[in-house]
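17 is the number of the first residue of the sequence shown in the working numbering; add one for each residue after it.
Heads up, the beta-carbon is just placed ideally off N, CA and C, and yes, glycines get one too.
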Amino acid sequence: MEAERAFYLTLIRKLLNPIPQYILGCLPAITIVGATPREKFAEKISWVFRCLGCPFTGLFYSCNVGSSKVDQCIYWLPAEYFKYREPNEVNPLNEVRYRPVGVHSKVLEQSERQRIYTEIRRCMARASVLERLSSLVSAYYILVGIIAGISRVTTPAVCEDWPYIPLLFAWTIPAIYKRVIWGHLIVKNPIEEMENIRPIVLTEIDEESKNHKRFSVTFTAFASIVSPWITVLLAYYTPPVGYFCRSKYITVLCAIWSFNSTLAYICHLIGEKGIYNFCYGIFHVWFSVCGVVVAMLIFFLGLLANNTEWWLSLFGPSCDISSACPPT
Numbered sequence: 017m018e019a020e021r022a023f024y025l026t027l028i029r030k031l032l033n034p035i036p037q038y039i040l041g042c043l044p045a046i047t048i049v050g051a052t053p054r055e056k057f058a059e060k061i062s063w064v065f066r067c068l069g070c071p072f073t074g075l076f077y078s079c080n081v082g083s084s085k086v087d088q089c090i091y092w093l094p095a096e097y098f099k100y101r102e103p104n105e106v107n108p109l110n111e112v113r114y115r116p117v118g119v120h121s122k123v124l125e126q127s128e129r130q131r132i133y134t135e136i137r138r139c140m141a142r143a144s145v146l147e148r149l150s151s152l153v154s155a156y157y158i159l160v161g162i163i164a165g166i167s168r169v170t171t172p173a174v175c176e177d178w179p180y181i182p183l184l185f186a187w188t189i190p191a192i193y194k195r196v197i198w199g200h201l202i203v204k205n206p207i208e209e210m211e212n213i214r215p216i217v218l219t220e221i222d223e224e225s226k227n228h229k230r231f232s233v234t235f236t237a238f239a240s241i242v243s244p245w246i247t248v249l250l251a252y253y254t255p256p257v258g259y260f261c262r263s264k265y266i267t268v269l270c271a272i273w274s275f276n277s278t279l280a281y282i283c284h285l286i287g288e289k290g291i292y293n294f295c296y297g298i299f300h301v302w303f304s305v306c307g308v309v310v311a312m313l314i315f316f317l318g319l320l321a322n323n324t325e326w327w328l329s330l331f332g333p334s335c336d337i338s339s340a341c342p343p344t
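#1: Kindly provide the ranges of any alpha helix (DSSP H) runs that are 4 or more residues long and lie completely inside the segment 167 to 246, ordered along the chain.
#2: By the DSSP assignment, the beta strand (DSSP E) with K60 in it spans what residues?
#3: Anyone know if the C-beta pair for L183 and I162 falls short of 8 angstroms?
#4: Take every Cβ of the segment 62 to 79, pair it with every Cβ of the segment 303 to 317, and state whether three or more of those distances are shorter than 8 angstroms.
#5: Give me, in chain order, the residues of the same chain whose beta-carbon lies closer than 7 angstroms to that of P108; leave out the 5 immediate sequence neighbours on both sides.
#6: Out of A141, V49, A155, I48, which one is the CA nearest neighbour of G41?
#7: In chain order, what residues of the same chain lie with their CB nearer than 7 angstroms to the CB of F98, ignoring the 5 residues before and after it?
#8: Could you have a look at V81 and say whether DSSP puts it in helix, strand or coil?
#9: Quick check for students: name the residue ranges of the alpha helix (DSSP H) that lie wholly in the segment 85 to 113, counting only runs of 4 or more.
#10: G332: buried (16+ other C-beta within 10 angstroms of its C-beta) or exposed?
#11: Of the residues H200, F57, V169, which one's Cα is nearest the Cα of I136?
#12: Helix, strand or coil for R54 per DSSP?
#13: For V123, name the three-state secondary structure that DSSP assigns.
#14: Identify whether A141 lies in helix, strand or coil by the three-state DSSP scheme.
#15: Could you say which of I291, A45, W327 lies nearest to Y157 if we only look at CA atoms?
#16: Which residue's Cα is closest to the Cα of V49: V196, V169, I286?
#17: Among the residues of its own chain, which have a CB less than 8 angstroms from the CB of I266, if the five just before and after it don't count?
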């Protein structure tokens with residue numbers, strides 16, 4: 017009884033300690049990747065968790081949608097807002113089966129760009145200096161985390177824990193770069209702003225552009241699936257070298273991300289009528305729930321990185337690394 021009481025008192029004292037700076041530094045990166053024009057708080061949070069649970073979602077918007085205001089607004093519109101005209105034809109207009117983004121991209125007719133220009137401007141705003149600087153803070157902690165991880169691997173005499181969390185979020189760098197350089201924010205929901213001007217008429221893109229879209233989307237999917245596993249490799253080769261509890265713990269996180277990114281990529285190839293309603297919205301719910309799980313795992317990882325003795329206390333003798341560490 018006394019041992020249990022002492023454990024809980026120690027836990028409370030540890031939780032009262034200041035939150036590590038690198039965890040706070042990564043928060044802006046999460047909010048940047050999970051930015052959405054939806055107005056309700058619950059919808060904003062669910063999108064943040066979806067992007068946290070599925071890196072491909074956030075990376076796709078950052079790397080494949082483009083930096084133009086028109087492309088960024090079109091991303092949020094469902095397929096029913098568009099009509100499609102065959103090249104070199106005046107009429108008729110055809111139905112658009114899938115959202116015109118990524119491998120299903122189409123372009124606006126020139127007359128349409130002028131027609132919807134006012135609505136596009138109403139949806140967009142510029143990021144403030146403070147918002148851009150907060151983005152750089154996240155980039156700083158992520159880059160420092162990468163350097164710290166590599167330096168520990170190349171220093172075999174050191175047998176200490178290091179902050180894995182910034183390195184886990186290295187995949188958010190493209191979103192941070194886009195926010196800092198371009199600074200475009202969608203502050204109003206394009207679905208509501210463009211309700212009265214639908215349908216928006218599109219036309220086909222050329223074959224060269226199609227091939228480029230296929231390559232860029234596939235490369236983004238590959239990066240979102242593979243890049244998190246770099247952290248597992250660094251954790252494995254960081255002294256004590258071996259597949260110990262920290263490597264196994266991070267493997268769980270990376271497995272969730274890779275599985276969901278693969279699933280999201282397949283969904284995109286098949287085609288989506290809207291952001292939320294693929295397969296009746298089941299995947300949106302799944303990705304969001306996984307995001308909640310990932311958030312909890314990362315928070316707990318922050319506690320473990322700051323209190324290395326907890327590995328053994330919580331997970332048992334399998335996390336005992338004393339035999340693998342040189343005596344100090």
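According to the structure data:
#1: 181 to 184, 189 to 197, 206 to 209, 223 to 242
#2: Walking along the sequence shown from the start, residue 60 turns up at place 44. Segment 57 to 69 is the alpha helix (DSSP H) holding K60; no beta strand (DSSP E) there.
#3: Position 167 of the sequence shown holds residue 183. Position 146 of the sequence shown holds residue 162. The answer is yes: Cβ separation under 8 angstroms.
#4: yes
#5: Start at 1 with the first residue of the sequence shown, and residue 108 comes out as number 92. Once the five neighbours on either side are set aside, P108 has no close Cβ partner at all.
#6: Walking along the sequence shown from the start, residue 41 turns up at place 25. G41 has its Cα closest to that of A155, out of A141, V49, A155, I48.
#7: Indexing the sequence shown from 1 puts residue 98 at position 82. Within the same chain, F98 has close Cβ partners V112, P116, P215, I216, L218.
#8: Mapped onto the sequence shown, residue 81 falls at position 65. Coil.
#9: 85 to 91
#10: For the purposes of this step, residue 332 is identified with residue 316 of the sequence shown, where counting begins at 1. Exposed is the call here.
#11: Locating residue 136 in the sequence shown gives position 120, where the first residue counts as 1. Looking at the Cα atoms, H200 is the closest of the given residues.
#12: Taking the first residue of the sequence shown as 1, we reach residue 54 at position 38. Reduced to three states, the DSSP call for R54 is coil.
#13: The residue you call residue 123 lines up with position 107 of the sequence shown. Correct three-state label for V123: strand.
#14: Residue 141 sits at position 125 when you count from the first residue of the sequence shown. Looking at A141 - three-state DSSP - the assignment turns out to be strand.
#15: The residue labelled residue 157 in the question sits at position 141 within the sequence shown. Comparing Cα-Cα distances from Y157 to each of I291, A45, W327, the minimum goes to A45.
#16: Counting from one through the sequence shown, the residue named residue 49 turns up at place 33. The residue with the shortest Cα to Cα distance from V49 is V196.
#17: Locating residue 266 in the sequence shown gives position 250, where the first residue counts as 1. Result list for I266: Y180, L184, T247, V248, A251, L317, in chain order.
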